Amino acid sequence: MPNLTLAIASGKGGTGKSSFASSFGVTKQGILLVDADVEEPNLALLLNLKPLESSLVNLRIPAINKDVCTKCDKCVDACRFGALNIFGDNIPMVNDLCHGCGLCSLVCPTKAISEIEKPIGEVRHYLSKNVELLEGRLALGMPNPVPVIEAVVDAAMAVEKPRIIDCAPGTSCPMVAGARRADAVLLVTEPTPFGLADLKLALEAIVPLNKPVGVVVNKYGIASENVEELCKNWNVPILGYFPFSKHVAASYAKGIPPATYDHLWQQRISDIWNYFEERVGK
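In the UniProt record's numbering, the protein residues as written are 1 to 282.
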C-alpha cells in the first residue's frame with residue numbers, strides 16, 4: 001500500500017490540532033510531519049527543532065510595461081481577485097490580492113504584461129534523530145497563504161514517507177489547501193458550542209472531498225455539547241475521546257506532546273492511524 005497521507009484539521013482554532021500532529025510525530029516512526037499552518041507554524045517550536053535548510057516560495061505577479069500599455073482596462077476587467085486597479089491616466093497598479101494566475105498577461109492585447117517573481121514565504125526542512133518536519137512559513141505582511149501551503153505540500157509529496165499534514169485552522173481556502181491532497185482527514189473538535197458550530201462547518205468543507213474522515217473529541221468533559229448527534233447525521237465516526245487534563249495542557253505549554261509520556265494517547269494515536277490505513281487501503 002502507498003504511504004498514507006493524513007491531514008489533521010479543525011474548524012475552531014485551539015482545539016488541539018497541533019497536539020495530535022506532534023503526537024503522531026513522536027509515536028509513529030519514520031513519519032514526515034508537514035506544518036501547513038503557514039501563518040503561524042508551531043510544530044518546530046513545539047518539538048524543539050532547528051532548521052537544516054530553507055527555500056523561497058515565489059509568486060509570479062504581473063509587471064506592466066508603461067511604454068506599451070494602452071490603458072485599455074482589459075486586464076483590470078479580467079482579474080477576478082481585484083488585484084489590478086487603474087486610476088485616471090495611469091497604468092494599472094498591482095496590489096497584494098494577486099494570486100499569480102497569469103490571466104492578465106493572456107488578455108493584454110499589446111503584450112504589455114510580463115511576469116516577475118515575488119518572494120512570499122519559504123519552506124523549511126527540519127530533521128532530528130526521531131522527527132522530520134517540513135514547514136511552510138508565510139512572509140510577514142503577505143495576505144495569501146495558499147501558494148505557500150501548496151509549496152510545502154508539494155515538497156512533502158516528493159518524500160517517500162507516511163505524512164501528517166497539520167492544516168491551518170478554520171474552514172476556508174488555507175485549510176482545504178492543506179487537506180486536498182491527503183488520503184484521509186482527521187477532524188479535531190471539542191464539546192463546546194463554538195467547537196460544535198465550527199465542526200459542522202469543517203464537515204461541510206471536508207466531506208465533499210470524498211475522503212475517509214474521522215473525528216476526535218479533545219478536552220472531553222469541559223462541556224456537554226452533543227458531538228455524537230452531529231457526526232451521526234454526517235455518517236462520520238468518532239475515533240476517540242481525549243479527556244480534558246491540566247497536566248496535558250501544562251506539558252504542552254512546555255513543548256511536550258501528550259503522546260511523549262501518556263500511554264493512553266500513544267495507544268489511541270496508533271489506533272487512529274491503523275483505522276485510516278485500513279480505510280485508505282480498501
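Cβ atoms here follow ideal geometry from the backbone N, Cα and C, with glycine treated the same way. Small disclaimer: the values here were computed from a predicted structure and weren't measured.
DSSP three-state assignment for residue i, whether helix, strand or coil
{"i": "HIS263", "result": "helix"}
{"i": "ASP198", "result": "helix"}
{"i": "GLU190", "result": "coil"}
{"i": "HIS125", "result": "strand"}
{"i": "GLU204", "result": "helix"}
{"i": "GLY11", "result": "coil"}
{"i": "LYS246", "result": "helix"}
{"i": "LYS66", "result": "coil"}
{"i": "LEU52", "result": "strand"}
{"i": "SER23", "result": "helix"}
{"i": "LEU219", "result": "Note that residue 219 is Lys in the sequence shown, not Leu. DSSP places LYS219 in strand when its eight states are reduced to three."}
{"i": "ILE86", "result": "coil"}
{"i": "ARG80", "result": "coil"}
Among the options, nearest to residue i - alpha-carbon criterion
{"i": "HIS125", "options": "ALA36, VAL216, ALA223, MET93", "result": "ALA36"}
{"i": "VAL217", "options": "LYS28, PHE244, ILE206", "result": "PHE244"}
{"i": "CYS108", "options": "ASP77, GLU117, LEU97, VAL131", "result": "ASP77"}
{"i": "GLU39", "options": "ALA259, CYS231, ILE120", "result": "ILE120"}
{"i": "VAL248", "options": "ALA259, GLY30, LEU239, GLY240", "result": "ALA259"}
{"i": "GLY102", "options": "ASN85, ARG268, CYS75", "result": "CYS75"}
{"i": "LEU187", "options": "GLY214, ALA205, ALA83, ALA179", "result": "GLY214"}
{"i": "ARG80", "options": "PRO162, CYS98, ARG181", "result": "CYS98"}
{"i": "LYS161", "options": "SER23, ASN85, GLY30, SER22", "result": "GLY30"}
{"i": "ASN144", "options": "LYS118, THR189, LYS232", "result": "LYS118"}
{"i": "ARG180", "options": "ALA158, THR189, ILE206", "result": "ILE206"}
{"i": "ALA223", "options": "VAL236, PHE242, ASN210", "result": "PHE242"}
{"i": "residue 295", "options": "GLY255, ILE272, SER251, LYS246", "result": "The structure shown does not extend to residue 295, since the chain spans only 1 to 282, so no value can be given for it."}
{"i": "TYR220", "options": "LYS211, ASP198, THR189, TRP234", "result": "THR189"}
{"i": "ASP198", "options": "ASN210, LYS254, GLU225, LYS211", "result": "GLU225"}
Contacting residues, own chain, Cβ-Cβ under 7 angstroms from residue i (five flanking each side not counted)
{"i": "PRO122", "result": "Inspection of the sequence shows that residue 122 is occupied by Glu rather than by Pro. Only SER54, SER55, LEU56, VAL57, ARG137 meet the Cβ criterion."}
{"i": "ALA146", "result": "In the sequence as displayed, the identity of residue 146 is Val instead of Ala. Excluding positions up to five away in sequence, the list reads CYS173, PRO174, ALA177."}
{"i": "ASN90", "result": "none"}
{"i": "ALA151", "result": "VAL57, VAL123, GLY136"}
{"i": "ASN274", "result": "none"}
{"i": "SER18", "result": "ASN42, LEU43, LEU46, ASP166"}
Own chain partners of residue i with C-beta closer than 6 angstroms, once the 5 adjacent residues on each side are dropped
{"i": "CYS69", "result": "ILE91, ALA112"}
{"i": "ALA139", "result": "ILE120, GLY121"}
{"i": "ASP183", "result": "LEU4, THR5, VAL280"}
{"i": "VAL131", "result": "GLY25, LEU47"}
{"i": "GLY16", "result": "VAL188, ASN218"}
Integer-rounded CB distance, given that residue j should sit under 8 angstroms from residue i
{"i": "GLY34", "j": "ILE165", "result": "It should be noted that the sequence gives Val, not Gly, for residue 34. VAL34 to ILE165, Cβ: 4 angstroms. Contact."}
{"i": "SER114", "j": "SER105", "result": "7 angstroms"}
{"i": "LEU133", "j": "LEU49", "result": "6 angstroms"}
{"i": "PHE276", "j": "PRO208", "result": "Between PRO208 and PHE276 the Cβ distance is about 19 angstroms, and since that is not below 8 angstroms, they are no contact."}
8 angstroms Cβ shell around residue i - same chain, five flanking residues per side excluded
{"i": "LYS200", "result": "GLY11, LEU230"}
{"i": "ILE86", "result": "LYS71, ASP73, VAL76, PRO92, MET93"}
{"i": "PHE20", "result": "ILE8, LEU186, VAL188, VAL216, ASN218, ILE269"}
Chain D within 8 angstroms of residue i, Cβ atoms only
{"i": "SER128", "result": "In the structure shown, chain D cannot be found, because there is only a single protein chain."}
### Message
So, does the segment 6 to 24 touch the segment 158 to 173, judging by three or more C-beta pairs under 8 angstroms?
### Response
With the cut-off at 8 angstroms, the segment 6 to 24 and the segment 158 to 173 touch.
### Sufficient close CB pairs (3 or more, under 8 angstroms) joining the segment 57 to 66 to the segment 185 to 200
With a cut-off of 8 angstroms, the segment 185 to 200 and the segment 57 to 66 do not count as touching, because too few Cβ pairs lie within range.
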